[in-house]
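Asker:
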Amino acid sequence: MKRYALAGASSRGFYMYAVPITEKFRDYAKLVGIFDINRKRAEYVSNYCGGVPVFEDFDRMIGETHPDCVIVTTIDRYHHEYAIRAMNAGCDVIVEKPMTIDEEKCKAMLETEKKTEKRIIVTFNYRFNPYVTRIKELLKEGIIGEILSVDFEWILDTSH
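Positions -12 to 147 (my numbering) are the ones given, in order, by the sequence shown.
Below, the structure written as structure tokens:
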């Protein structure tokens, strides 16, 4: 059974990772720890997912839970920090897009991946949501017709 730890109890971390791991993939995967600087948010995810241990100290979570893989869904500007620390601790990493916020941090992540021989995977999870794949099928089949324009609005708190 693969052991996962979640760094960042964001809504994406909750819905895209914590819930599927503890429900759909529970026969193959286990969520062993949740880290967030906002304890209340981490506790909310934990309570929904069966009481997974909550941590406000990332390194302590890694040391106590021994995950195989750390899923990083923190604020974008911290992706590199937690990914590098996880790889240096012997964990593979799944990181939400963007990989990080600038080229230097991206290079540091890739250098750490090479040095530690751990894998880092950047995800684009919304591409595979059922409604998105269904829209693509309808477009491919010509059922919707030719797209002339698209208006897309996303309510997202980018101040994080």
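Just so it is clear, CB atoms sit at the ideal spot from N, CA and C, and this is done for glycine as well. Predicted, not measured: the structure shown is a model, and the values here were computed from it.
So, at 6 angstroms on beta carbons, what are the nonlocal neighbours of E29 in its own chain, with the 5 sequence-adjacent residues on each side left out?
Answerer: Sequence check: residue 29 is Ala here, not Glu. Once the five neighbours on either side are set aside, the close Cβ partners of A29 are A(-4), I21, D23, V41.
Asker: With DSSP run on the structure shown, which of helix, strand or coil describes A73?
Answerer: The answer is helix: DSSP assigns A73 an H, G or I state.
Asker: Can at least three beta-carbon pairs, one atom from the stretch 2 to 15 and one from the stretch 63 to 74, be found at a separation below 8 angstroms?
Answerer: With the cut-off at 8 angstroms, the stretch 2 to 15 and the stretch 63 to 74 do not touch.
Asker: State the CB to CB distance for the pair D63 and K105, rounded to an integer number of angstroms; the pair is presumed to be in contact (CB under 8 angstroms).
Answerer: So it is not a contact: roughly 21 angstroms between Cβ atoms.
Asker: Report yes if the CB atom of P54 is closer than 7 angstroms to the CB atom of V19, and no otherwise.
Answerer: The answer is yes: Cβ separation under 7 angstroms.
Asker: Let me confirm a value: Y216 is counted as buried when at least 16 other C-beta atoms fall within 10 Å, else exposed. Which label applies?
Answerer: Residue 216 is absent from the model: the chain starts at -12 and stops at 147.
Asker: Tell me F22's beta-bridge partners as DSSP assigns them.
Answerer: DSSP lists A(-6), F42 as partners of F22.
Asker: Can V39 and A(-8) be called in contact, C-beta distance under 7 angstroms?
Answerer: No; because the gap between Cβ atoms is not below 7 angstroms, this pair is not in contact.
Asker: If you follow the alpha helix (DSSP H) that D91 is in, where does it begin and where does it stop?
Answerer: Checking the sequence shown, residue 91 turns out to be Glu, not Asp. Note, E91: alpha helix (DSSP H), 90 to 103.
Asker: Check each candidate in M86, D138, S33 and name the one with the smallest Cα separation from T9.
Answerer: Ranking the options by Cα distance to T9, first place goes to S33.
Asker: Classify K123 as helix, strand or coil using the three-state DSSP reduction.
Answerer: K123: helix per DSSP, three-state reduction.
Asker: Quick check: what's the CA-CA separation for V59 versus M86?
Answerer: So the two alpha carbons sit approximately 10 angstroms from each other.
Asker: Pick from E90, K84, E124: whose alpha carbon is nearest that of G0?
Answerer: The shortest C-alpha separation from G0 is found at K84.
Asker: To the nearest angstrom, report how far apart K17 and R26 are at their CA atoms.
Answerer: Computed Cα separation, rounded: 21 angstroms.
Asker: Just to check my reading of the structure: M96 and H67 have Cβ atoms closer than 8 angstroms, yes? What is that Cβ distance to the nearest angstrom?
Answerer: Confirmed, about 5 angstroms.
Asker: For the beta strand (DSSP E) holding I58, just list the boundary residues, first then last.
Answerer: From DSSP, the beta strand (DSSP E) with I58 extends over 56 to 59.
Asker: Check K17 in the structure and name its three-state DSSP category.
Answerer: Strand, per DSSP.
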